[in-house]
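Inspection log for the structure reproduced underneath, given as structure tokens.
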Amino acid sequence: MSAELELHSRIRTLADAVAAFSDDDRCRRLLEAMVWPRGRLCPACGCHRSISLAGRDTGRRARPGLYQCSDQDCRQQFTVTTRTPLHATKLPLRTWLLALWFILQSDKGVSSIRLAEIIGVSQPTAWRMGHVLRLLVARDHTLGGVIEIDEMYFGGAPRSDPDKPRAGRGRKGQPRTTKTPAMVVVQRPAGSEPGTPAGEARACVVADLSLNETERVLEASVTPQAHLMSDEWKAFVAAGTGFARHDTVCHARKEYARGTVHANAAEGFNNRVRQTIAGVFHHISSQHADLYFHEIGFRWSQRIAAGQKIRKARKGRTILQTLWDRVPPARQLPAVFIMAVGRQIRRTKAGGIDVRSTVAVFG
Ligand SMILES: [Zn+2]
Numbered sequence: 526m527s528a529e530l531e532l533h534s535r536i537r538t539l540a541d542a543v544a545a546f547s548d549d550d551r552c553r554r555l556l557e558a559m560v561w562p563r564g565r566l567c568p569a570c571g572c573h574r575s576i577s578l579a580g581r582d583t584g585r586r587a588r589p590g591l592y593q594c595s596d597q598d599c600r601q602q603f604t605v606t607t608r609t610p611l612h613a614t615k616l617p618l619r620t621w622l623l624a625l626w627f628i629l630q631s632d633k634g635v636s637s638i639r640l641a642e643i644i645g646v647s648q649p650t651a652w653r654m655g656h657v658l659r660l661l662v663a664r665d666h667t668l669g670g671v672i673e674i675d676e677m678y679f680g681g682a683p684r685s686d687p688d689k690p691r692a693g694r695g696r697k698g699q700p701r702t703t704k705t706p707a708m709v710v711v712q713r714p715a716g717s718e719p720g721t722p723a724g725e726a727r728a729c730v731v732a733d734l735s736l737n738e739t740e741r742v743l744e745a746s747v748t749p750q751a752h753l754m755s756d757e758w759k760a761f762v763a764a765g766t767g768f769a770r771h772d773t774v775c776h777a778r779k780e781y782a783r784g785t786v787h788a789n790a791a792e793g794f795n796n797r798v799r800q801t802i803a804g805v806f807h808h809i810s811s812q813h814a815d816l817y818f819h820e821i822g823f824r825w826s827q828r829i830a831a832g833q834k835i836r837k838a839r840k841g842r843t844i845l846q847t848l849w850d851r852v853p854p855a856r857q858l859p860a861v862f863i864m865a866v867g868r869q870i871r872r873t874k875a876g877g878i879d880v881r882s883t884v885a886v887f888g
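Using the working numbering, read the sequence shown as starting at 526 and increasing by one per residue.
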């Protein structure tokens with residue numbers, strides 16, 4: 526571990542963070558250690574060889590942190606933020622790191638209005654900072670092991686047109702709700718022993734819960750070797766044949782768990798998404814929903830099993846419940862930046878954002 530990362534991992538309190546992120550040069554070295562954990566890489570060609578231009582005459586005196594690729598055909602000049610969402614930022618790196626640490630430190634997330642107050646930037650800037658975090662933590666590798674799938678609905682008040690059928694949960698046939706459907710994919714943790722990381726969790730906006738949409742989401746996020754768990758929704762059952770194993774519970778018969786066959790983790794993640802939208806963001810547009818889901822999924826994954834406790838459930842049954850510790854926010858930051866290169870976010874003229882990314886960030 527680099528000296529920067531070593532010091533960084535000791536950050537616990539807000540005072541620690543403010544002190545650690547007070548110096549821009551130190552923040553740059555810390556960011557370099559996080560973006561390039563295996564040594565400096567040219568963001569244009571991936572070459573491992575580059576030279577520091579610091580102090581050299583490149584038209585004007587080159588600043589610390591400016592490098593040049595040694596590849597004969599490339600010769601790209603770059604810094605640690607080149608081709609990342611932090612590229613061409615007018616904010617100092619210390620502001621970025623403190624803001625990201627603060628967002629991760631919060632329990633469910635921070636609204637842009639709160640973040641603006643705390644960090645001392647405008648609300649639109651804080652909104653973009655939040656989206657930068659969401660873009661950075663987007664994960665696009667396929668998940669294996671035991672995978673629970675489920676659906677959820679968010680946003681939009683149910684339609685109240687007397688001429689139309691009453692809005693329902695809207696699974697079958699006509700779209701009977703103005704809410705937006707999303708598919709949820711949650712990886713069960715490999716065990717409950719202390720130290721085991723929580724699995725990953727994804728959610729993705731879908732047009733509907735058809736077989737086409739189900740297959741599109743599963744192909745992008747689950748390996749064929751995975752063991753699926755879901756309810757008996759026909760599209761889930763049909764799509765499940767493409768995987769090593771698929772077990773279902775029958776909600777229609779009020780069956781929610783049969784031994785290890787259940788979708789309780791997916792249900793838990795659904796609740797987490799709903800609580801976060803209601804409590805932190807209040808409203809998320811379906812256009813940006815996948816970005817919010819990336820953040821909620823990342824938070825879900827940044828937990829470590831801490832032990833188990835016996836909980837009394839209804840009817841005197843006892844349930845063994847796994848307790849989770851959160852990974853300290855300072856230790857989450859390297860995971861935030863590990864895939865930073867190639868993910869870019871630009872401001873649009875209308876004040877919105879334009880995401881340019883080599884990963885499929887939007888469902
Ligand atoms: Zn290069």
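Note that CB positions come from ideal geometry on N, CA and C, so glycine has one too.
Every value quoted in this text rests on a predicted model; they were computed, and no experiment measured them.
Isoleucine 835 in three-state terms, based on DSSP: Against the sequence shown, residue 835 aligns to sequence position 310. Strand at isoleucine 835.
Go ahead and pull the three-state DSSP assignment for isoleucine 576.
For the purposes of this step, residue 576 is taken as residue 51 along the sequence shown, with counting starting at 1. Isoleucine 576 falls in the strand class under three-state DSSP.
Identify every residue that forms a DSSP beta bridge with cysteine 594.
Residue mapping note: residue 594 aligns to position 69 of the sequence shown, counting from 1. The secondary-structure analysis by DSSP pairs cysteine 594 across a beta bridge with Ser575.
So is proline 714 buried or exposed if we call it buried at 16+ other beta carbons inside 10 Å? The residue you call residue 714 lines up with position 189 of the sequence shown. With 16 or more Cβ atoms within 10 Å of its Cβ, proline 714 is classed as buried.
Checking the sheet assignment: what are the DSSP bridge partners for valine 730?
Your numbering for residue 730 matches position 205 in the sequence shown. Residue pairing by DSSP places valine 730 opposite Ala707 in a beta bridge.
- prompt: Which residues in the same chain have their Cβ closer than 8 Å to the Cβ of leucine 734, if we skip the five residues on either side of it in sequence?
  reply: Counting from one through the sequence shown, the residue named residue 734 turns up at place 209. For leucine 734, where only same-chain residues beyond five positions count, the Cβ hits under 8 Å are Glu676, Arg696, Pro706, Met708, Trp758, Ala760.
For aspartate 772, write down the residues that DSSP places opposite it in a beta bridge.
-> For the purposes of this step, residue 772 is taken as the residue at position 247 of the sequence shown. Paired residue(s): Met754.
- request: With DSSP as the reference, label alanine 692 as helix, strand or coil.
  value: On the sequence shown, residue 692 is found 167 positions in, with the first residue counted as 1. The predicted model places alanine 692 with a pLDDT of 45, which falls under 50 and marks its position as unreliable; any figure quoted below should be read in that light. In this structure, alanine 692 counts as coil in the three-state DSSP scheme.
- Item | Given methionine 754 as reference, the closest of Val671, Glu740, Ser527 once Cα atoms are compared | What you label residue 754 is simply residue 229 of the sequence shown in a count that begins at 1. Looking at the Cα atoms, Val671 is the closest of the given residues.
Please classify asparagine 795: is it buried, with 16 or more other beta-carbons within 10 angstroms of its beta-carbon, or exposed?
The residue you call residue 795 lines up with position 270 of the sequence shown. Label assigned to asparagine 795: buried.
Determine which residues share a DSSP beta bridge with aspartate 665 and list them. For the purposes of this step, residue 665 is identified with residue 140 of the sequence shown, where counting begins at 1. For aspartate 665, which the question treats as bridged, DSSP gives no partner whatsoever.
Quick one: what's histidine 533 bridged to in DSSP? Start at 1 with the first residue of the sequence shown, and residue 533 comes out as number 8. Under DSSP, histidine 533 shares a beta bridge with no residue.
Between arginine 565 and tyrosine 592, is the Cβ-Cβ spacing less than 8 Å?
If you number the sequence shown from 1, residue 565 lands on position 40. If you number the sequence shown from 1, residue 592 lands on position 67. Yes, Cβ-Cβ distance for arginine 565 and tyrosine 592 is below 8 Å.
Which term fits glycine 590, buried or exposed, when burial requires 16 or more other beta carbons within 10 angstroms of its beta carbon?
Walking along the sequence shown from the start, residue 590 turns up at place 65. Looking at its Cβ environment, which holds 16 or more other Cβ atoms inside 10 Å, glycine 590 is buried.
Q. For isoleucine 672, which beta-bridge partners are listed by DSSP?
A. Locating residue 672 in the sequence shown gives position 147, where the first residue counts as 1. The bridge partners DSSP lists for isoleucine 672 are Gln712, Leu753.
Where DSSP assigns a beta bridge to histidine 787, which residues make up the other side? Numbered from its first residue, the sequence shown carries residue 787 at position 262. In DSSP, histidine 787 forms a bridge with Ala782.
#### Entry: Strand pairing of arginine 851, partner residues [DSSP]
Translated into the one-based positions of the sequence shown, residue 851 becomes position 326. Partner(s): Arg828.
- Query: Counting pairs of Cβ atoms below 8 Å between the stretch 653-671 and the stretch 739-748, do you hit three or more?
  - Reply: Cβ pair count under 8 Å is three or more, so yes.
Q) CB of alanine 545 to nearest heavy atom of ligand 1: below 7 Å? A) As a first step, residue 545 is located in the sequence shown; it is residue number 20 there, counting from the start. At a cut-off of 7 Å, the beta-carbon of alanine 545 does not count as near ligand 1: no heavy atom of the ligand is closer than that.
Q: Report all residues from its chain with a CB closer than 6 Å to the CB of threonine 822; omit the five preceding and five following residues, and keep chain order.
A: The sequence position of residue 822 within the sequence shown is 297, counting from 1. Going by the sequence as given, residue 822 is glycine instead of threonine. Once the five neighbours on either side are set aside, the close Cβ partners of glycine 822 are Ala726, Arg727.
Worksheet item: In the structure shown, what three-state DSSP assignment does valine 543 receive?
Response: Residue 543 sits at position 18 when you count from the first residue of the sequence shown. Note: valine 543 maps to helix in three-state DSSP.
Cutoff 8 Å; reference cysteine 572; Cβ partners in own chain excluding five residues on either side = As a first step, residue 572 is located in the sequence shown; it is residue number 47 there, counting from the start. Only Leu566, Cys594, Ser595, Asp596, Cys599 meet the Cβ criterion.
Discussion item. For isoleucine 870 and aspartate 879, I'd like the C-alpha separation in whole angstroms.
Written reply: Translated into positions along the sequence shown, residue 870 becomes position 345. Translated into positions along the sequence shown, residue 879 becomes position 354. Using only the alpha carbons, I get a separation of about 6 Å.
For alanine 803, which residues of its own chain have a beta-carbon under 8 Å away from its beta-carbon, when the five flanking residues on both sides are left out? Walking along the sequence shown from the start, residue 803 turns up at place 278. For alanine 803, there are no CB contacts under 8 Å within the same chain when 5 residues up- and downstream are skipped.
Please classify arginine 824 as buried or exposed, where buried requires at least 16 neighbouring CB atoms within 10 angstroms. Numbered from 1 along the sequence shown, position 299 holds the residue referred to as residue 824. The C-beta of arginine 824 has 16 or more other C-beta atoms within 10 Å across all chains shown, which makes the residue buried.
Margin query: Let's see if you can read the secondary structure: which residues bound the alpha helix (DSSP H) around arginine 619?
Written below: In the sequence shown, counting from the first residue as 1, residue 619 sits at position 94. Run containing arginine 619: 618-630, per the alpha helix (DSSP H) assignment.
| Taking C-beta to C-beta, are leucine 658 and phenylalanine 862 nearer than 8 Å? | Position 133 of the sequence shown holds residue 658. Position 337 of the sequence shown holds residue 862. The Cβ atoms of leucine 658 and phenylalanine 862 do not sit closer than 8 Å to each other.
Quiz item: Near ligand 1, which residues have their beta-carbon less than 5 Å from any of its heavy atoms, given in chain order?
Solution: Selection output, chain order preserved: Cys567, Ala569, Cys570, Cys572, Cys594, Asp596, Cys599, Gln601.
Using C-beta distances below 6 Å, list every residue in its chain close to phenylalanine 806, excluding the 5 sequence neighbours before and after it, in chain order. By 1-based counting over the sequence shown, the position of residue 806 is 281. Answer for phenylalanine 806: no residue qualifies.
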